[in-house]
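Asks: Pasting a structure here, questions to come.
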Amino acid sequence: MTNFTLNGAAVSVDVPDGTSLLHALRGPLGLSGPRYGCGDEKCGSCMVLLDGVPTFACTLGVEAAGGKCVTTSEGLGDMAAPHPLQAAFLAEQAGQCGWCLSGILVSASALLAANPDPSEDEIRVALDPHLCRCGSHNRIIRAVRRAAQEMRA
Amino acid sequence: MSATSSSGFAHTTPVDPNKPKLPGSLNVNRRLSQWLRFSADGTVEVHPGKVEIGQGILTTLGQIAADELDVDFARIRMVAASTPASPDEGVTSGSLSTQDSGTAIRHAAADARRIFLSVTSQRTGVPIESLVVRDGAFIGPQGEVGSYWQLANADLLEVEASPEAKPKAIEARRQVGVSTPRIDLPEKVFGTGRYVHDMRLPGMLHARVIRPVARAATLMATPDAPEGAQVVRDGNFLAVLAPTEWQAEAVAARVTARAMWSVRDTLPEQAQHAEYLREAGARGERTGVLARDDAAPSVARTEKRSFFRPFLAHASIGTSCAVAQWNGDAVTIWSHTQGPYNLRADVSRTLRTTEDKVLIHHMEGAGCYGHNGADDVALEAALIARAVPGTPVRLLWSRAEELGWGPFSSAMLVDVEADVAADGTLVAWRSNIISNGHSGRPGRSPIPTLLAASQLEDAFPVVPSINPPMAGGGGAPRNGIPYYRIPKLDVQTTRLLEMPIRSSALRGLGATLNVWSIESVLDELAEAAGEDPVAYRLRHLEDPRARAVLQKAADMCGWATRTKREGWGLGIAFARYKNTGAYAAIAAEIEAKERVFCRRLWVAGDAGEIVNPDGVVNQFEGGAIHGASVALLEQVTFDRRNITSDNWDGYRVLRFTEVPAVETAMLNHPEAPFLGSGEASMAPTIAAIAAAIHDALGIRPHALPFTPENLA
Ligand code: FES
Ligand code: FES
Chain A
1 MTNFTLNGAA
11 VSVDVPDGTS
21 LLHALRGPLG
31 LSGPRYGCGD
41 EKCGSCMVLL
51 DGVPTFACTL
61 GVEAAGGKCV
71 TTSEGLGDMA
81 APHPLQAAFL
91 AEQAGQCGWC
101 LSGILVSASA
111 LLAANPDPSE
121 DEIRVALDPH
131 LCRCGSHNRI
141 IRAVRRAAQE
151 MRA
Chain B
1001 MSATSSSGFA
1011 HTTPVDPNKP
1021 KLPGSLNVNR
1031 RLSQWLRFSA
1041 DGTVEVHPGK
1051 VEIGQGILTT
1061 LGQIAADELD
1071 VDFARIRMVA
1081 ASTPASPDEG
1091 VTSGSLSTQD
1101 SGTAIRHAAA
1111 DARRIFLSVT
1121 SQRTGVPIES
1131 LVVRDGAFIG
1141 PQGEVGSYWQ
1151 LANADLLEVE
1161 ASPEAKPKAI
1171 EARRQVGVST
1181 PRIDLPEKVF
1191 GTGRYVHDMR
1201 LPGMLHARVI
1211 RPVARAATLM
1221 ATPDAPEGAQ
1231 VVRDGNFLAV
1241 LAPTEWQAEA
1251 VAARVTARAM
1261 WSVRDTLPEQ
1271 AQHAEYLREA
1281 GARGERTGVL
1291 ARDDAAPSVA
1301 RTEKRSFFRP
1311 FLAHASIGTS
1321 CAVAQWNGDA
1331 VTIWSHTQGP
1341 YNLRADVSRT
1351 LRTTEDKVLI
1361 HHMEGAGCYG
1371 HNGADDVALE
1381 AALIARAVPG
1391 TPVRLLWSRA
1401 EELGWGPFSS
1411 AMLVDVEADV
1421 AADGTLVAWR
1431 SNIISNGHSG
1441 RPGRSPIPTL
1451 LAASQLEDAF
1461 PVVPSINPPM
1471 AGGGGAPRNG
1481 IPYYRIPKLD
1491 VQTTRLLEMP
1501 IRSSALRGLG
1511 ATLNVWSIES
1521 VLDELAEAAG
1531 EDPVAYRLRH
1541 LEDPRARAVL
1551 QKAADMCGWA
1561 TRTKREGWGL
1571 GIAFARYKNT
1581 GAYAAIAAEI
1591 EAKERVFCRR
1601 LWVAGDAGEI
1611 VNPDGVVNQF
1621 EGGAIHGASV
1631 ALLEQVTFDR
1641 RNITSDNWDG
1651 YRVLRFTEVP
1661 AVETAMLNHP
1671 EAPFLGSGEA
1681 SMAPTIAAIA
1691 AAIHDALGIR
1701 PHALPFTPEN
1711 LA
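Residue numbers (our numbering), protein chains in the order written: chain A, 1 to 153; chain B, 1001 to 1712.
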């Protein structure tokens, strides 16, 4: 049994040790935001925040999340109360198939928490663990800058 | 154009030749109720046969319907395609969705509006000419006299569309031409499940497939499943089933380690791939694409060049997935296929049942960029679910399967000869484009083409992929005919009749090689003639729309005033997709360091009438970045047995720090037909990068990708 805080709520999950956090999140915990893309720390589809730090959920054993705070894109905001990043991604229409977005959003939120005014290059570096095959990169960068501006205002 | 490309080849429903021709896909799906359903609650369902693959088509089609019906966009409900109710629009491919489906929906909506207004006029005595539609309400001189919603239950759309319906005049369009936010994006940004991957059904089991260790392999012994799991085997098709994903993966790893295969070497030697294509081509099927023999000045000089590109992968970020459930002798499949009817045809053939026993529901997946594993995984889910009647089964491919077992875009080789007159004018163009076929899509031949079909106990033979006809844009020879004025042409193509590596459609098909080969030779000829590459192209280009995009791209990048910088290069290229679709001219700026980086792209496009301007820009940008990735990094690698580039280190695609800035300008032509937008920018981007490499390094690349090894 592993206990942790998921998007602000206490959860406990009973899966065999060594099961990935990703499987726990998508399985018993019923989330859809974190996704499998490679299982190999190469694409960022599974990215979550572990105590605020972007972490690949595909390779992390669920027990490593014990006692920590896990944040997924669902925890950033929702339609009724979107995170400024989510609002900015919609405003910039930053995405096509959208597969990459939930991972990118959590990495971007960690970036903005640490650096409220990142340069374009800093955004690119922060998002480099993420693949986007649709070529939405430039829109995504614009959206992160827009959100940063709004959060500073 | 849309009609030729969709007739016969794309869809599976026959057309009655005695009926009047209707626009777009309406011709084969003639009942209005197949497309539109009004509801008394004030909404209207639109049922396209085309599917959302991340290109924003549902939003675009909704805009067309809303505009033509004169209802608020918020009243539109876009319904995902499913068999057997949705219109059969063949495959969502070829940048044809707005042409095929948009044209049909525009006409169907115009017809529905005419029918509703005439019924209202008859019932109320208000002449039809004095009725206007305002957000779905029918307003006469005395006020509202009816609405779509009041007549929603009157079965008015249970008729065939009439060829006489007249869509609105261009000036009357209000919602088309406006950048409308994508209806699918909010769920993607909030992470709420929208993909087939997110489906959860009560009692659902999870499946994984065990792939053979070689392309040609025979399973000698099947390991047992541990407690609580199940092994499913049919010939060389081997899979496991378990209650959770992690159990399925653990069992799959265990079975993989214990399965015994007898294997053979069947793949060509990658180091001699180009030679292999030439050799296999000599045994292949050579056909003429276009021959022309007009009067021409005499030939002063001939240039001969060859261009090669490796196999390319679709490399979707999400892996292929499907959910299947049997009920009695029928199976329901939830799938991110591009063609629900085509998939149904091949699944029913493979299962040796009839089409009515296979129900396909479209749900979104990650972007596919062509025919990836979406259809294969759907059949496999159905095969596995057969072992557990009544129980839903979710099958997810691994990254290694996605990059190793989906269809690839065929490697290609083109030999070109160009004759020029003494003043450098192009006189003749001869080429032979050698490639495997570019379509192995399901539903197009009596023998199913899906991966598992050839692995079953009662196996179907592997049929080498084919090329769509030139009327549909062609496959290998797509864009193989130069769009420039050349009096003498002899374009030929050679399709391989052996297929050691399965090939099918990927964004651009043969255009990714052909456009680059043509543009590269043109650059050389311009240089030899001492002419500016843009000016040289312009003097061979007649189509004013082609000239306009080329000029636009040149203006955007400051072509005329460019200055030379050490280690940097600028190149420009043009193509009209399929020679009948959208126009794109691209300028690329590259920096040559330890390898080549593309830093900036300027994209000028013309996609005819534009429904959603921001959506079209998004597509052109995405295609250009895809092209940059193909140009600089992408190649499928293999040994004699199997694909080796089955992870993201082996199959590199551009990352955030490597992606160029892109500036896009679209030249709008509201008076012109829709031309599609998904594929036009990719091939000319590759060509522009090649030209920029020459500008920077003085080297003309002849093999993709443009890596240090291939440029050496
Ligand atoms: S799924 Fe975790 S990085 Fe790709
Ligand atoms: S939007 Fe499709 S992968 Fe990024």
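Virtual Cβ for every residue (Gly too), placed ideally from N, Cα, C.
Have a look at A1526(B) and R1301(B) and give me their C-alpha separation to the nearest angstrom.
Replies: 13 Å
Asks: Quick one: measure Cβ to Cβ for I1610(B) and V1616(B), integer angstroms, because I've assumed they're closer than 8 Å.
Replies: 5 Å
Asks: Within 7 Å: the Cβ of Q96(A) and any heavy atom of ligand 2?
Replies: yes
Asks: Determine, for I1317(B), whether the minimum Cβ-Cβ distance to residues of chain A falls below 8 Å.
Replies: When Cβ-Cβ separations below 8 Å define contact, I1317(B) makes contact with chain A.
Asks: Short of 6 Å in beta carbon distance, which residues of its chain neighbour K1050(B), apart from the five on each side in sequence? Order them along the chain.
Replies: Apart from the 5 residues on each side of it in sequence, K1050(B) sits with its Cβ closer than 6 Å to the Cβ of I1057, E1089, T1092, S1097, S1101 in its chain, given in chain order.
Asks: What residue range is occupied by the uninterrupted beta strand (DSSP E) comprising R1430(B)?
Replies: 1426–1435
Asks: Indicate the three-state DSSP secondary structure (helix, strand or coil) for Q1325(B) in the structure shown.
Replies: strand
Asks: Between Q1055(B) and chain A, is the shortest Cβ-Cβ distance under 8 Å, so that the two count as touching?
Replies: yes
Asks: Between which two residues does the beta strand (DSSP E) carrying W1035(B) extend?
Replies: From DSSP, W1035(B) is part of no beta strand (DSSP E); its letter is neither H nor E.
Asks: For G1008(B), I'd like the list of residues in its chain whose CB is within less than 6 Å of its CB, leaving aside the five on either flank, ordered along the chain.
Replies: Because G1008(B) sits at a pLDDT of 32, beneath the cut-off of 50, its placement in the model cannot be relied upon, and the point is left open.
Asks: Which term fits A1110(B), buried or exposed, when burial requires 16 or more other beta carbons within 10 angstroms of its beta carbon?
Replies: By the 10 Å Cβ count, A1110(B) comes out buried.
Asks: Throw me the rounded Cβ distance for the V1289(B) and G1480(B) pair, which I believe falls under 8 Å.
Replies: 6 Å
Asks: Can you find the residues in the same chain that come closer than 7 Å, C-beta to C-beta, to N1236(B), ignoring five residues on each side of it along the sequence?
Replies: P1212, A1217, T1218, L1219, Q1455
Asks: Am I right that R1030(B) and L1022(B) are in contact with their C-beta atoms under 8 Å? What's the rounded C-beta distance?
Replies: 6 Å
Asks: For Y1276(B), which three-state DSSP category applies?
Replies: helix
Asks: Does any residue of chain A have a CB that is nearer than 8 Å to the CB of N1436(B)?
Replies: no
Asks: If you scan the region 1468–1511 of chain B from start to end, which runs of the beta strand (DSSP E) of 3 or more residues do you find wholly inside it?
Replies: 1488–1495
Asks: Can D1606(B) and R1545(B) be called in contact, C-beta distance under 8 Å?
Replies: yes
Asks: Distance, Cα to Cα, A153(A) vs A147(A)?
Replies: 10 Å
Asks: Of the choices R1200(B), A1672(B), A1703(B), L1633(B), whose alpha-carbon is the least far from that of P1392(B)?
Replies: R1200(B)
Asks: With a Cβ-Cβ cutoff of 8 Å, do E1653(B) and L1675(B) count as a contact?
Replies: First, the amino acid is wrong: residue 1653(B) is Val here, not Glu. Going by C-beta atoms, V1653(B) is not nearer than 8 Å to L1675(B).
Asks: Considering only heavy atoms of ligand 2, does any lie closer than 7 Å to the CB of W1648(B)?
Replies: no
Asks: Taking Q1230(B) as part of the beta strand (DSSP E), name the residues at either end of that continuous run.
Replies: 1230–1234
Asks: Do you know how far the Cα of V1377(B) is from the Cα of S1320(B)?
Replies: 6 Å
Asks: State the CB to CB distance for the pair K68(A) and W1648(B), rounded to an integer number of angstroms; the pair is presumed to be in contact (CB under 8 Å).
Replies: About 27 Å separates the two Cβ atoms, so there is no contact after all.
Asks: Kindly say whether F1656(B), judged by its beta-carbon, lies nearer than 8 Å to any beta-carbon of chain A.
Replies: yes
Asks: Identify the continuous alpha helix (DSSP H) that holds F1190(B) and give its terminal residues.
Replies: For F1190(B), the uninterrupted alpha helix (DSSP H) segment begins and ends at 1185–1190.
Asks: Would DSSP call G1008(B) helix, strand or coil?
Replies: At G1008(B) the pLDDT is 32, less than 50, meaning the model places this residue with poor confidence and gives no usable figure here.
Asks: Where DSSP assigns a beta bridge to V1044(B), which residues make up the other side?
Replies: F1038(B), I1076(B)
Asks: Hey, does F89(A) have any beta-carbon neighbour from chain B nearer than 8 Å?
Replies: Yes, its Cβ sits closer than 8 Å to a Cβ of chain B.
Asks: What number of angstroms, rounded off, separates the C-alpha of S136(A) from the C-alpha of R1309(B)?
Replies: 25 Å
Asks: Tell me whether N1787(B) is buried or exposed, calling it buried when 16 or more other Cβ atoms sit within 10 Å of its Cβ.
Replies: Any answer about residue 1787(B) is impossible in this case: the structure gives chain B only from 1001 up to 1712.
Asks: Using alpha carbons as the reference points, say which of V1196(B), R1037(B), N1027(B) lies closest to G1397(B).
Replies: For the record, residue 1397(B) in the displayed sequence is Trp; it is not Gly. Cα-wise, what sits closest to W1397(B) is V1196(B).
Asks: Measure the C-alpha to C-alpha separation of R1537(B) and L1522(B) and round it to an integer number of angstroms.
Replies: 7 Å
Asks: Taking 5 Å as the limit, name every residue whose beta carbon sits nearer than that to some heavy atom of ligand 1, in sequence order.
Replies: G37(A), C38(A), E41(A), C43(A), S45(A), C46(A), F56(A), C58(A)
Asks: Which first and last residues belong to the beta strand (DSSP E) in which Y36(A) is found?
Replies: Careful: Y36(A) lies outside any beta strand (DSSP E) and carries neither H nor E.
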